[in-house]
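Chemist: Below is a structure I'd like to ask you about.
Protein chains in written order, with the working numbering: chain Y, 788 to 1298; chain H, 788 to 1298.
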């Protein structure tokens, strides 16, 4: 007997599409890890074939009808099932709003614009990239128009919505503005009046194998299930929730700077713990009935980033973590590491710098890099900023936020790949992630009064348990705003992050 | 403008199916190499989803119609295009002859029979496997009936045809019988009258990293393009022609027996060189228009095995190869290897033993293991041998062929996975491979009179060039029998293999 309940059928259908999606994820993972270089042209055909199959199935009229049948079931509006159907409807409508011609034009432009961006960045030649960026802005505006501007909102909101559903630029601005003001003040205070910590502990020689062994020991201590995941090496580290029971992290090793790999690994591990906590498998290890449906998916990029940032920064750059981790690192790195104290390492991993490059920025300055991009891309999409004016405005804003002059566009508006790929609305999710992480961390601290002692003893279960309970298991049942309120009792606020940074950095810098 | 030539359309369609097939190959490769254990249930769903898609597309009525349109084009019968269409027709008809219910029943039984076989082998308990083997024999007979018995042939022929197209059991028997007679005589002569070489050179301690470095150096010297392939570690070594420009070999290392990995790697490399030589990519590196069509596929399992055996045995166990390879191995393994001479290593890699296990058998006894299986499975399918009688008949035949008594069914009729998987007709292709390899090797030797000097100097290009010219580039244009006659000027004969073995082993054993 076949179950003809439309809700069951919908879950099955979404599960089938997700299974093909998981194959696509493997194809992409292998391309970054083990594929030989001459496999690239064939790999492009594999990826295109899968993408086309998935697009066909996920925009199929029958799927829309099935969602409609589920909507007619009269499900209790507060039930997970109703949320699942509502999210499925949202995704389906969004996917079917873009005409195929636009999708194809964007895909072709992405590939050519990225190519142009690479050589423009190399030569620090903005003019060479400008026509491609203009085209990408125009295409993104078209895309936003197809999605539709939310009532009372702006065009850019429709783009943010792809990464951070239902969040508007004006709401982000309301949280970002006080954060920016206090952060610029904090950074100036630290760097103009304070004493920077010695970064010598991070500059010891550490063999790749020793770094890998340390990374594996750390992620297992954090709770990452290595029977349901792996850690490999790639040029650009990432986490891929590849399939049920299969979450893959990557990192890269620099024998002269172990901190890059270690914090990168903890960051990706944070993403990976979220993926492992989503209800994608049943207790018997089989893919669950919710796998592939919104109930087994991440809420948003911002919530995903809250997980990576929490483990990387709130835990990984804390004195408590290093109280446990220092002897572990001593064991792997030997005498050069043993020469330093816990306090010296703790201070070294919290060095603040006025760097040009976002991906190299520290915890204190990072959000200023992001907020700069948020302001400028918002203005690009609204039309208030012409692409031709971008380098000048970038450099002026950078100096205002970070207090130093950009020396070349390569280190300025040409540094990130995102815009060449048409990813407008993506940047703010990085800082939203930090904001959520700070607020969640406060809630964890409230729930576990002995948190510091437990972390210092290497017991990280409170952090994982809290996230499993309040974040992971819900999938996309709730939106980010509701999830945050349910988890912390408060709407998102800039205060926890500001307080966290001030309390940590002012003593370290004695500023 | 779309090309509406049905031949072009057919190639495109087969290419699309092959692209999905190449994704399936990646899914299978990853499962054996890097997939974490808890990914298994999700992986099974991925594999099933791809298999189902590929089955749908490759048995689609429209594909049959397209082949029909190509057949009506009046292509020159001797052209590659006509051969391509004829092979495509053959494959399509074969695939569409099996009812879905039978395909499903076989798939389910495979999974359960393999499970039963594993525990039966472990416990050396044939009775526990017997009902599953009976079911598999019955299903294989049903499958053979669906394929149809060739005129004047037997049921078993229809099964062989899946692995070695158009070859009949009676033809195989005609080549196997003289081979078997002379081999049993040779083995008895060597082991009863000769002096076995000292295998000490193979028992040196060799670190995994050193073995891997040696293996990589050897396969690159043989001509394997490591930018279009890889070498990884798996429990069961294999070669996967994964996609155009992407051929993957695997091996496994035993620090106390480097020869296992080295010859295993050379064996898989032989398969890999064939895969790299098939016309799957154009000169610009893009997948070719013939990729996915018979013209870019291997002829048969026997021809594929001829490639692996040639590089492993005819080259790899020759004195000439070790003249070059010994100093290379010295470099990787150091003093323990340097303690032996080229002649000592050459003799050690040619030690003959009366072992029970086929996969551990040496070059001289290996074919006796295979011919035993050929006889018995032929009798199982014809009904002349009842499954219940298998262990007794196995042990009796083994003693007759190899001169020793099987001590337990674990080391006898339960040792191979093949029958639990329903692979009847597969075993003879191993010895056909050795026979083809011997005959091809003779032709190479005729074409290159200075072959020995070149091989001893590490110049293996004559071997690769000959195979590229006479075997690889033709894909499945010719059947195995025709290919052999075109390449060597003679039909397949047992003589080259017998001569090769006698000429090599009698001096080594001084018998």
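Just so it is clear, CB atoms sit at the ideal spot from N, CA and C, and this is done for glycine as well.
Which one of Y:1126, Y:923 and Y:869 has the shortest CA to CA distance from residue 855 (chain Y)?
Modeler: Y:869
Chemist: Once DSSP output is grouped into helix, strand and coil, what is the label at residue 930 (chain Y)?
Modeler: Judged by DSSP in its simplified three-state form, residue 930 (chain Y) adopts helix.
Chemist: Quick one: give me the first and last residue of the beta strand (DSSP E) that residue 1027 (chain H) is part of.
Modeler: 1026-1030
Chemist: To the nearest angstrom, report how far apart residue 925 (chain Y) and residue 952 (chain Y) are at their CA atoms.
Modeler: 22 Å
Chemist: Using the three-state DSSP reduction, which class does residue 788 (chain H) fall into: helix, strand or coil?
Modeler: Residue placement at residue 788 (chain H) is flagged as unreliable, the pLDDT there being 46, under the threshold of 50; a coordinate-derived value is accordingly withheld.
Chemist: Residue 993 (chain H): which of H:873, H:840, H:1289 and H:1119 sits nearest, CA to CA?
Modeler: H:1119
Chemist: Can you round the beta-carbon distance between residue 977 (chain H) and residue 1217 (chain H) to whole angstroms, since I take them to be within the 8 Å contact cut?
Modeler: Residue 977 (chain H) to residue 1217 (chain H), Cβ: 21 Å. No contact.
Chemist: Evaluate contact between the segment 1055-1066 of chain H and the segment 1180-1193 of chain H, counting only Cβ atoms and requiring at least three cross-stretch pairs below 8 Å.
Modeler: no
Chemist: With distances taken between CB atoms, is the gap from residue 745 (chain Y) to residue 934 (chain Y) smaller than 8 Å?
Modeler: Lying outside 788 to 1298, the shown extent of chain Y, residue 745 (chain Y) is not represented and no answer is given.
Chemist: Could you spell out where the beta strand (DSSP E) holding residue 1034 (chain Y) opens and where it closes?
Modeler: 1033-1038
Chemist: Can you have a look at residue 792 (chain H) and say buried or exposed, based on whether 16 or more other CB atoms are within 10 angstroms of its CB?
Modeler: exposed
Chemist: With 7 Å as the limit, tell me which residues of the segment 1052-1064 of chain Y have their beta carbon closer than that to any beta carbon of chain H; keep them in chain order.
Modeler: none
Chemist: Under a Cβ-count criterion, where at least 16 other Cβ atoms within 10 Å of its own Cβ denotes burial, should residue 788 (chain Y) be classed as buried or exposed?
Modeler: Bear in mind that the predicted position of residue 788 (chain Y) carries a pLDDT of just 46, short of 50, making it unreliable; the figure below should be weighed with that in mind. Per the 10 Å Cβ criterion, exposed.
Chemist: Is the shortest distance between the beta-carbon of residue 1066 (chain H) and the beta-carbons of chain Y less than 8 Å?
Modeler: no
Chemist: Rounded to whole angstroms, what is the Cα-Cα separation between residue 876 (chain H) and residue 851 (chain H)?
Modeler: Rounded to whole angstroms, residue 876 (chain H) to residue 851 (chain H) spans 8 Å at the Cα level.
Chemist: So, using beta-carbon positions, are residue 1327 (chain Y) and residue 1231 (chain Y) closer together than 8 Å?
Modeler: Nothing about residue 1327 (chain Y) can be read from this structure; chain Y reaches only from 788 to 1298.
Chemist: According to DSSP, is residue 944 (chain H) helix, strand or coil?
Modeler: The answer is helix: DSSP assigns residue 944 (chain H) an H, G or I state.
Chemist: Tell me the DSSP secondary structure of residue 1210 (chain Y) in three-state form.
Modeler: coil
Chemist: Determine the direct distance from the alpha carbon of residue 831 (chain Y) to that of residue 805 (chain H), and round the result to whole angstroms.
Modeler: Residue 805 (chain H) and residue 831 (chain Y) have their alpha carbons spaced roughly 14 Å apart.
Chemist: Would residue 1016 (chain H) and residue 823 (chain Y) qualify as a contact pair, given that the criterion is a beta-carbon distance under 8 Å?
Modeler: yes
Chemist: In chain order, what are the residue ranges of uninterrupted alpha helix (DSSP H) at least 4 long that sit wholly in the segment 790-869 of chain Y?
Modeler: 793-820, 827-845 and 848-858
Chemist: Three or more C-beta pairs closer than 8 Å, one from the segment 908-924 of chain Y and one from the segment 972-991 of chain Y: is that the case here?
Modeler: no
Chemist: Would you kindly check if the distance between the Cβ of residue 911 (chain Y) and the Cβ of residue 1145 (chain Y) is under 8 Å?
Modeler: No Cβ-Cβ contact shorter than 8 Å links residue 1145 (chain Y) with residue 911 (chain Y).
Chemist: Where do the N-terminal and C-terminal ends of the beta strand (DSSP E) with residue 1079 (chain Y) fall, by residue?
Modeler: Unbroken run through residue 1079 (chain Y): none, as it is neither H nor E.
Chemist: Roughly how many angstroms lie between the CA atoms of residue 1132 (chain Y) and residue 1258 (chain Y), to the nearest whole one?
Modeler: Cα-Cα distance, rounded: 31 Å.
Chemist: Of all Cβ atoms in chain H, is any one closer than 8 Å to the Cβ of residue 813 (chain Y)?
Modeler: yes
Chemist: For residue 1273 (chain Y), does the three-state DSSP call read helix, strand or coil?
Modeler: helix
Chemist: By a C-beta neighbour count over all protein chains shown, 10 Å radius and 16 as the cutoff for buried, is residue 1099 (chain Y) buried or exposed?
Modeler: buried
Chemist: Should residue 902 (chain H) go down as buried or exposed, given a rule of 16 or more other Cβ atoms within 10 Å for buried?
Modeler: exposed
Chemist: Comparing the C-beta of residue 843 (chain Y) with each C-beta of chain B, is any distance below 8 Å?
Modeler: Among the protein chains of the structure shown, namely Y and H, there is no chain B.
Chemist: Can you tell me the Cα-Cα spacing of residue 930 (chain Y) and residue 1195 (chain Y), whole angstroms?
Modeler: 31 Å
Chemist: What is the DSSP secondary structure of residue 1019 (chain Y), reduced to helix, strand or coil?
Modeler: strand
Chemist: Ignore the nearest five residues each way along the sequence and tell me which others in residue 1076 (chain H)'s own chain have a CB closer than 6 Å to its CB.
Modeler: 798
Chemist: Taking residue 1066 (chain H) and residue 828 (chain Y) to be in contact with their CB atoms under 8 Å, please state how far apart those CB atoms are, rounded to whole angstroms.
Modeler: Contact doesn't hold; Cβ gap of about 15 Å is too wide.
Chemist: Please report the distance separating the alpha-carbon of residue 1201 (chain Y) from that of residue 1039 (chain Y).
Modeler: Spanning the two alpha carbons is a distance of roughly 23 Å.
Chemist: Within the same chain, show all residues whose beta-carbon is closer than 8 Å to that of residue 1003 (chain H), passing over the 5 residues directly before and after it, in chain order.
Modeler: 1013 and 1018
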